[in-house]
Amino acid sequence: MVNVVTEIIINRSQEKVAQYAANPDHAPDWYVNIKSAEWQTEKELQKGSKIAFIAEFLGRRLEYVYEITDFIPGQKLVMKTADGPFPMETTYTWTPVDGDQTRMTLQNKGVPSGFSKIFVPFMSLMMKRANKKDLIKIKEILEKQKA
Numbered sequence: 012m013v014n015v016v017t018e019i020i021i022n023r024s025q026e027k028v029a030q031y032a033a034n035p036d037h038a039p040d041w042y043v044n045i046k047s048a049e050w051q052t053e054k055e056l057q058k059g060s061k062i063a064f065i066a067e068f069l070g071r072r073l074e075y076v077y078e079i080t081d082f083i084p085g086q087k088l089v090m091k092t093a094d095g096p097f098p099m100e101t102t103y104t105w106t107p108v109d110g111d112q113t114r115m116t117l118q119n120k121g122v123p124s125g126f127s128k129i130f131v132p133f134m135s136l137m138m139k140r141a142n143k144k145d146l147i148k149i150k151e152i153l154e155k156q157k158a
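Below you can see the structure in the form of structure tokens.
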């Protein structure tokens, strides 16, 4: 099982950070590996929404559909994919820290099947590295925006 948790403090309000991060249209801007995000359902994020992503990870092109399984606006977003060789659950949480600071936590967990099981330790390390880059990027984007 892979279970990677990464977090960062962003100097923006919880509302602003959550609003930006929860919008799949922004994913290609701050996720290093995501190349595109396409809505499969109506464009209002809610439980049951589906978004198709195209990503590149470890030199491979990955296409998968995430379904929103839990969404508490401004606090938490959980999405899951069941297809492909590596079913994944991604959770974002946003908590206020101090004044206009927000702790954003990004968690990816899943159980690779078949051949990819032997790569779990390597994949965990690579995912942690990618997630750190992603959180640094979203921090830069949001902190450059006018308040």
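In my numbering, the protein residues as written are 12 to 158.
Note that the Cβ used here is the ideal one computed from N, Cα and C, for glycine as well.
Presumed contact (8 Å Cβ cut-off) between residue i and residue j, rounded CB distance
i      : j       : result
Val-76 : Ala-66  : The Cβ separation is near 12 Å, so there is no contact.
Thr-17 : Lys-143 : 6 Å
Glu-78 : Gly-59  : 7 Å
Gln-57 : Phe-97  : No, Gln-57 and Phe-97 are not in contact; Cβ-Cβ is about 26 Å, not under 8 Å.
CB of residue i within 8 Å of CB of residue j, strictly
i       : j       : result
Tyr-103 : Ala-33  : yes
Ile-21  : Lys-150 : yes
Met-115 : Thr-101 : no
Asp-145 : Val-43  : yes
Leu-153 : Arg-72  : no
Gln-25  : Thr-113 : yes
Met-137 : Leu-69  : yes
Residue(s) in a DSSP beta bridge with residue i
i       : result
Pro-35  : Paired residue(s): none; Pro-35 is not in a bridge.
Ile-159 : Given that the chain is displayed from residue 12 to residue 158, the structure contains no residue 159 and the question cannot be resolved.
Phe-173 : Residue 173 falls outside the range modelled here, since the chain spans only 12 to 158, and no answer is possible.
Gly-121 : Val-13, Met-99
Lys-87  : Ile-83, Thr-104
Arg-114 : Ile-20, Thr-106
Of the listed residues the options, nearest to residue i (C-alpha basis)
i       : options                          : result
Asp-111 : Phe-82, Val-28, Trp-50           : Val-28
Lys-61  : Lys-87, Leu-117, Asp-36, Asp-109 : Asp-36
CA-to-CA distance, residue j to residue i, given in whole angstroms
i       : j       : result
Pro-84  : Leu-117 : 16 Å
Thr-92  : Thr-106 : 25 Å
Ile-129 : Ala-38  : 29 Å
Gln-156 : Glu-53  : 28 Å
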